[in-house]
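K.L.:
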Amino acid sequence: MFLYRRLLILLISTLIFFPLQFLSPAVCLAQSSAKAKVDALYQNYQQFKKQGRNKEALKYAKELVPAGEKAFGRDHPNVAIFLNSLAGLYYSLGDYAKAEPLYRRALTIREKALGPDHTHVATSLNNLAGLYYSLGDYAKAEPLYRRALTIREKALGPDHPYVAASLNNLALLYKSLGDYAKAKPMYGRALAIYEKARGPDHPDIAASLNNLAELYKSLGDYAKAEPLYRRSLTIVEKALGPDHRHVATSLNNLAGLYSSLGDYAKAEPLYKRSLDIREKVLGPDHPAVATSLNSLAGLYGSLGDYARAEPLYERSLSI
Numbered sequence: 004m005f006l007y008r009r010l011l012i013l014l015i016s017t018l019i020f021f022p023l024q025f026l027s028p029a030v031c032l033a034q035s036s037a038k039a040k041v042d043a044l045y046q047n048y049q050q051f052k053k054q055g056r057n058k059e060a061l062k063y064a065k066e067l068v069p070a071g072e073k074a075f076g077r078d079h080p081n082v083a084i085f086l087n088s089l090a091g092l093y094y095s096l097g098d099y100a101k102a103e104p105l106y107r108r109a110l111t112i113r114e115k116a117l118g119p120d121h122t123h124v125a126t127s128l129n130n131l132a133g134l135y136y137s138l139g140d141y142a143k144a145e146p147l148y149r150r151a152l153t154i155r156e157k158a159l160g161p162d163h164p165y166v167a168a169s170l171n172n173l174a175l176l177y178k179s180l181g182d183y184a185k186a187k188p189m190y191g192r193a194l195a196i197y198e199k200a201r202g203p204d205h206p207d208i209a210a211s212l213n214n215l216a217e218l219y220k221s222l223g224d225y226a227k228a229e230p231l232y233r234r235s236l237t238i239v240e241k242a243l244g245p246d247h248r249h250v251a252t253s254l255n256n257l258a259g260l261y262s263s264l265g266d267y268a269k270a271e272p273l274y275k276r277s278l279d280i281r282e283k284v285l286g287p288d289h290p291a292v293a294t295s296l297n298s299l300a301g302l303y304g305s306l307g308d309y310a311r312a313e314p315l316y317e318r319s320l321s322i
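Heads up, the sequence shown is in the working numbering, so the first residue is 4 and it goes up one at a time.
1. If you reduce the DSSP assignment to three classes, tell me which class Q54 lands in.
2. Mind checking F25: buried by the 16 CB within 10 Å criterion, or exposed?
3. Compute the beta-carbon to beta-carbon distance between G193 and N171, rounded to the nearest angstrom, for a pair I have assumed lies under 8 Å.
4. Taking just the CA atoms, how far does N297 sit from Y316?
5. When we look at the beta-carbon of S27 and count the other beta-carbons within 10 Å, is it buried (16 or more) or exposed?
6. Give me, in chain order, the residues of the same chain whose beta-carbon lies closer than 7 Å to that of E145; leave out the 5 immediate sequence neighbours on both sides.
7. Looking at the C-beta of K220, does it have a partner C-beta in chain D at a distance below 7 Å?
8. In terms of alpha-carbon separation, which member of S253, K275 and Y225 lies closest to I238?
9. Check L264 in the structure and name its three-state DSSP category.
10. Expressed to the nearest angstrom, what Euclidean distance is found between the alpha-carbon atoms of P161 and P188?
11. Report back the beta-carbon spacing between Y141 and S179 to the nearest angstrom; my notes put them in contact at under 8 Å.
12. If the criterion is Cβ atoms closer than 7 Å, does the pair Y99 and L138 meet it?
13. Please classify F20 as buried or exposed, where buried requires at least 16 neighbouring CB atoms within 10 angstroms.
14. If we call anything under 7 Å between Cβ atoms a contact, is A83 one with R107?
15. Given that a residue counts as buried once 16 or more other Cβ atoms are within 10 Å of its Cβ, and exposed if not, what is F75?
16. Classify G91: buried if its beta carbon has 16 or more other beta carbons within 10 angstroms, exposed otherwise.
So, in structure tokens, the structure goes:
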């Protein structure tokens, strides 16, 4: 199942510029020029990142790290921001081998510069844990997620949305391990925090509802899962619009529930709408499109309609 989950890989975007004092005019001018270059690179990076054009953003993120080192020094917290940004792009592009050392170095800088209990350290721990989770290395991910949760609870209080994000991440890990007894109360607590902090119709609520629905589906409790999936879908449609990629994910998940129940008449139009949105928003060759094609093909296969299923499977495999 293609999960709608928010790992909240938080890229802290506020640069910390210290005033120049007791420096010669030539040194001041050189440092000012270096920081102006960093600012320009960062603006370009952010522009492409917001547009989802990660390959273009990568060009500027690569330049940001050495430019930041020159402007601020190798161990400045701003350099950790640039390392984190570059690692996040490699992560999104599936290049985990390049992302890991960057996340690790960002974490080291933040621990040294800000102290071990700073919230930015928690962000770096969360990002590195998310990488290990994606690699299936849950033994490495768990202690990092737990430490991030502890820092956030201590620094921000038990009811902060970032605490809910950490709870969601840790719960997802336990669900992946089949430890539903640990996952369920964490999902429940995360949902309660988000509802209190964000209100009933925020996309974070939709993510938590979806996660809890996935848990109930894994337990075979479809009666509890269905209303959660439906409420999640309603929220994302209202908050993000009917053609958003998260709407496609919610449609796919609800369709998957109906398929598990053998209610193919309800599942088919949801799978089709999910596929249409993904092709429109993400392009015909995106992995999420392959997921939708595979899901719809599986439905037709279950109905014995192999003439419809085969070309969908073939197209899915070609992506």
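Even glycine gets a Cβ: it sits at the ideal position worked out from N, Cα and C.
P.N.:
Well, looking at it:
1. The count along the sequence shown starts at 1 and reaches residue 54 at position 51. Q54 falls in the coil class under three-state DSSP.
2. The residue you call residue 25 lines up with position 22 of the sequence shown. Interpretation of F25 is limited by its pLDDT of 38, a score under 50 that renders its predicted location unreliable; no figure is taken from the coordinates.
3. By one-based count along the sequence shown, residue 193 stands at place 190. By one-based count along the sequence shown, residue 171 stands at place 168. Correcting the residue type first, residue 193 is Ala in the shown sequence and not Gly. About 5 Å separates the two Cβ atoms, so the contact holds.
4. Position 313 of the sequence shown, counted from the start, is the residue given in the question as residue 316. Position 294 of the sequence shown, counted from the start, is the residue given in the question as residue 297. Cα-Cα distance, rounded: 6 Å.
5. Locating residue 27 in the sequence shown gives position 24, where the first residue counts as 1. Any answer about S27 is weak, because its pLDDT of 41 lies below 50 and its placement is not dependable; what the coordinates show is given next. Exposed is the call here.
6. Position 142 of the sequence shown holds residue 145. The answer, listed in chain order, is L176.
7. Although the question refers to chain D, the structure presented lacks it and comprises just one protein chain.
8. Within the sequence shown, numbered from 1, the residue matching residue 238 stands at position 235. The option with the nearest alpha carbon to I238 is S253.
9. The sequence position of residue 264 within the sequence shown is 261, counting from 1. Three-state DSSP puts L264 in coil, outside helix and strand.
10. By one-based count along the sequence shown, residue 161 stands at place 158. By one-based count along the sequence shown, residue 188 stands at place 185. If I take the Cα positions, the gap works out to 14 Å.
11. Within the sequence shown, the letter at position 138 stands for residue 141. Within the sequence shown, the letter at position 176 stands for residue 179. With 8 Å as the limit, Y141 and S179 qualify as a contact, their Cβ atoms being about 7 Å apart.
12. In the sequence shown, the residue the question calls residue 99 occupies position 96. In the sequence shown, the residue the question calls residue 138 occupies position 135. Yes, these two residues count as a Cβ contact at 7 Å.
13. As a first step, residue 20 is located in the sequence shown; it is residue number 17 there, counting from the start. Note on F20: pLDDT 39, under 50, position unreliable in the model; no value is reported.
14. If you number the sequence shown from 1, residue 83 lands on position 80. If you number the sequence shown from 1, residue 107 lands on position 104. Going by C-beta atoms, A83 is not nearer than 7 Å to R107.
15. Here residue 75 refers to the residue found at position 72 of the sequence shown. By the neighbour-count rule (16 or more Cβ atoms within 10 Å), F75 is buried.
16. Taking the first residue of the sequence shown as 1, we reach residue 91 at position 88. By the neighbour-count rule (16 or more Cβ atoms within 10 Å), G91 is buried.
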